[in-house]
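Student: Line order of the protein sequences matches chains A and B. Under my numbering, the first residue of the first sequence is numbered 1, with each subsequent residue one higher. Under my numbering, the first residue of the second sequence is numbered 1, with each subsequent residue one higher.
There are 2 protein chains.
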Amino acid sequence: MGKTDAFLEHADAIERGLLDIGRAAKASGVSVKMVRHYEAIGLLKKVARTYANYRVYTMNDVHTLQFIKRARTLGFAVKDIRALLALWQNKSRSSAAVKKVAGAHLEELERKIAEMQSMVAALQHLTHNCQGDQRPDCPILEDLAGARKPGA
Amino acid sequence: MGKTDAFLEHADAIERGLLDIGRAAKASGVSVKMVRHYEAIGLLKKVARTYANYRVYTMNDVHTLQFIKRARTLGFAVKDIRALLALWQNKSRSSAAVKKVAGAHLEELERKIAEMQSMVAALQHLTHNCQGDQRPDCPILEDLAGARKPGA
DNA sequence: TTCAAGTCTGCCACCATTGGAGGGTCAAGT
DNA sequence: ACTTGACCCTCCAATGGTGGCAGACTTGAA
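(1) Any Cβ of chain B within less than 9 Å of the Cβ of A/K137?
(2) Could you give the C-beta distance for B/G132 and A/A104, rounded to a whole number, given that I count them as a contact under 8 Å?
(3) Mind listing the chain A neighbours of B/M34? Cutoff is C-beta to C-beta under 8 Å, in chain order.
(4) Would you kindly check if the distance between the Cβ of A/G146 and the Cβ of B/R161 is under 9 Å?
(5) Give the secondary structure of B/L19 by DSSP, where H, G and I count as helix, E and B as strand, and everything else as coil.
(6) What does A/Y49 pair with, by DSSP beta-bridge criteria?
(7) Under 8 Å: do the region 77–95 of chain A and the region 122–139 of chain B share three or more Cβ pairs, one atom per stretch?
(8) Does the CB of B/A122 have a neighbour CB from chain A at under 9 Å?
(9) Please confirm if A/E110 has its CB atom under 9 Å from at least one CB of chain B.
(10) Quick check on A/N60: does DSSP put it in helix, strand or coil?
(11) Would you kindly work out how many angstroms separate the C-alpha atoms of A/H37 and B/D61, rounded to a whole number?
(12) Which residues in the same chain have their Cβ closer than 8 Å to the Cβ of B/T4, if we skip the five residues on either side of it in sequence?
(13) Here's the rule: buried if 16 or more other CB atoms are within 10 angstroms of the residue's CB, otherwise exposed. What is A/I163?
(14) B/G17 to B/T58, Cα distance in whole Å?
(15) Along chain B, in chain order, which residues have C-beta atoms closer than 7 Å to that of A/H128?
(16) Could you work out which residue in A/S92, A/A11, A/R72 and A/K112 is closest to A/L43 when comparing CA atoms only?
(17) Could you check whether the Cβ of B/K79 sits closer than 9 Å to any Cβ belonging to chain A?
(18) What number of angstroms, rounded off, separates the C-alpha of A/T127 from the C-alpha of B/F67?
(19) According to DSSP, is A/E39 helix, strand or coil?
(20) Nearest CA to the CA of B/M116: which residue from A/A122, A/A121, A/Q124 and A/E107?
(21) Put A/K33 into one of helix, strand or coil per three-state DSSP.
(22) Could you give the residue range of the alpha helix (DSSP H) that holds A/L106?
(23) Look up B/R135 in the DSSP assignment and say whether it is helix, strand or coil.
(24) Kindly indicate the opening and closing residues of the alpha helix (DSSP H) around A/K79.
(25) B/L8 by DSSP, collapsed to three states: which one?
(26) Quick one: list the residues of chain A neighbouring B/S94, beta-carbon separation under 9 Å, in chain order.
(27) Thinking B/V101 and B/A83 are a contact (beta carbons under 8 Å), I'd like their distance in whole angstroms, please.
(28) Are B/A48 and B/L8 close, meaning C-beta to C-beta below 9 Å?
(29) At the 9 Å Cβ level, is A/T58 part of the contact set with chain B, yes or no?
(30) Below 7 Å CB to CB, which residues in the same chain sit around B/G22 once its five sequence neighbours on both sides are set aside?
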């Protein structure tokens, strides 16, 4: 027992293949700030500490951080990631449950894309008709000001 | 003098074509909350008040709110709208200045769309390969967990 | 011993919007 | 007059994900 306590020295931990927060961050691609944040919001379980109160990460923790990082890169919200992590750790999950989360996110992404595309279409139309010169006449401002085609 | 002071009674104001915040909100499509907010951040100049401290809006104010609403609908950030409003009110502006703001926003939108589209592509690939049945085997989780095609 | 780099906690800022609490006001109806 | 309900007021908090800073401590190496 005493010997396992001595384990929690920073240098010993590193020697044994454990990582401090900086190394865990680098290894996972998550910023140090966000590593702490994910722990604070319970996405990552509370990790061990050295005697000096430094966080100590296992390769397993790093793996989880990589999982989170990849999910964020795919645009999953933290609440989705929470669900995905639970499914990941649950060996008797159904792939249907995972697909449902991914599918909902996919729909949300497509909705947002469509929304932005309609903005782009409107803006392109306006900027196309705008001379972009010294003169003040500007269809963009006219549209914003509510000037709906005077001819109509 | 005394007569003009009497102007700031709620009923009088309405009678004279002015609007209280609720009517201004409805007329512009901006929520009451946000009308106050836009004033607080200086997007809309401070409006007059009745003796009871109710805000009083002119049709001109409503027009500005409509401008803001339309710009938000097109995805412009508040700081952009601030610039656009200034250009709108400056009769000697150049259309080039307006076009520059719109163009930058357009590029930003297109950048975000591309980013999300790459997320969609990745997710579609994963969900396409996921059975979505009772079994636990799931390419989506495998990807998140970092399983980069074992064969490679 | 000293110094830089790393870590700790905690708080603030961003962006746009919504919600609530706790109170005042207005215009009806009784 | 009095009540009621729909307004309005101000102030504060929270959202989500991240960055930044301050003040204090630890580490490891020169």
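All residues carry an ideal CB built from backbone N, CA and C; glycine is no exception.
Tutor: Straight from the coordinates:
(1) Taking the first sequence and counting its residues from 1, the one referred to as residue 137 of chain A is at position 137. Note that residue 137 of chain A is Asp in the sequence shown here, rather than Lys. Residue contact check for A/D137 against chain B: a CB pair falls below 9 Å.
(2) As a position in the second sequence, residue 132 of chain B is number 132, starting the count at 1. As a position in the first sequence, residue 104 of chain A is number 104, starting the count at 1. The Cβ separation is near 13 Å, so there is no contact.
(3) Walking along the second sequence from the start, residue 34 of chain B turns up at place 34. None at all; the shortest Cβ gap to chain A is about 17 Å.
(4) Since the first residue of chain B shown is 1 and the last is 152, residue 161 of chain B is not available in this structure.
(5) Here residue 19 of chain B refers to the residue found at position 19 when the second sequence is read from its first residue. Strand, per DSSP.
(6) For the purposes of this step, residue 49 of chain A is taken as residue 49 along the first sequence, with counting starting at 1. The sequence given here has Arg at residue 49 of chain A, not Tyr. In DSSP, A/R49 forms a bridge with A/R55.
(7) In short, these stretches touch, since the Cβ pair count reaches three.
(8) Looking up residue 122 of chain B in the second sequence gives position 122. Chain A, which has a Cβ nearer than 9 Å to the Cβ of B/A122, makes this yes.
(9) In the first sequence, residue 110 of chain A corresponds to position 110, counting from 1. Between A/E110 and chain B, the shortest Cβ-Cβ separation is below 9 Å.
(10) Taking the first sequence and counting its residues from 1, the one referred to as residue 60 of chain A is at position 60. Secondary structure of A/N60 (DSSP, three-state): helix.
(11) Counted from its first residue, the first sequence places residue 37 of chain A at position 37. Counted from its first residue, the second sequence places residue 61 of chain B at position 61. Approximately 43 Å, taken between the alpha carbons.
(12) On the second sequence, residue 4 of chain B is found 4 positions in, with the first residue counted as 1. Residue confidence for B/T4 is low, a pLDDT of 46 falling below 50, so the modelled location carries little weight and cannot support an answer.
(13) Any question about residue 163 of chain A goes unanswered here, given that chain A covers just 1 to 152.
(14) For this step, residue 17 of chain B is matched to residue 17 along the second sequence. For this step, residue 58 of chain B is matched to residue 58 along the second sequence. One C-alpha to the other measures close to 8 Å.
(15) The residue you call residue 128 of chain A lines up with position 128 of the first sequence. What A/H128 touches in chain B: nothing, since even the nearest Cβ is about 10 Å away.
(16) The residue labelled residue 43 of chain A in the question sits at position 43 within the first sequence. By alpha-carbon distance to A/L43, the top candidate from A/S92, A/A11, A/R72 and A/K112 is A/R72.
(17) Looking up residue 79 of chain B in the second sequence gives position 79. When Cβ-Cβ separations below 9 Å define contact, B/K79 makes no contact with chain A.
(18) Counted from its first residue, the first sequence places residue 127 of chain A at position 127. Counted from its first residue, the second sequence places residue 67 of chain B at position 67. Near 17 Å, if we compare the C-alpha coordinates of B/F67 and A/T127.
(19) Counting from one through the first sequence, the residue named residue 39 of chain A turns up at place 39. The answer is helix: DSSP assigns A/E39 an H, G or I state.
(20) Working through the second sequence from its first residue, we reach residue 116 of chain B at position 116. The shortest C-alpha separation from B/M116 is found at A/E107.
(21) Counting from 1 along the first sequence, the entry for residue 33 of chain A is found at position 33. Helix at A/K33.
(22) Translated into the one-based positions of the first sequence, residue 106 of chain A becomes position 106. Here the alpha helix (DSSP H) through A/L106 covers S95 to H128.
(23) On the second sequence, residue 135 of chain B is found 135 positions in, with the first residue counted as 1. If DSSP states are grouped into helix, strand and coil, B/R135 belongs with coil.
(24) Here residue 79 of chain A is taken as the residue at index 79 of the first sequence, counted from 1. In the DSSP assignment, A/K79 falls within the alpha helix (DSSP H) that extends over V78 to Q89.
(25) As a working note, residue 8 of chain B is residue 8 in the second sequence. B/L8 falls in the coil class under three-state DSSP.
(26) Numbered from 1 along the second sequence, position 94 holds the residue referred to as residue 94 of chain B. Neighbours of B/S94 on chain A, chain order: G132, D133, Q134, R135, P136 and C138.
(27) Within the second sequence, residue 101 of chain B is the residue found at index 101, counting from 1. Within the second sequence, residue 83 of chain B is the residue found at index 83, counting from 1. Their Cβ separation, rounded to whole angstroms, is 6 Å, which keeps B/V101 and B/A83 in contact under 8 Å.
(28) Here residue 48 of chain B refers to the residue found at position 48 when the second sequence is read from its first residue. Here residue 8 of chain B refers to the residue found at position 8 when the second sequence is read from its first residue. With contacts defined as CB atoms closer than 9 Å, B/A48 and B/L8 qualify as a contacting pair.
(29) The residue you call residue 58 of chain A lines up with position 58 of the first sequence. Cβ-Cβ to chain B under 9 Å: no for A/T58.
(30) Along the second sequence, read from residue 1 onward, the residue named residue 22 of chain B stands at position 22. Taken in chain order, the residues that qualify are V32.
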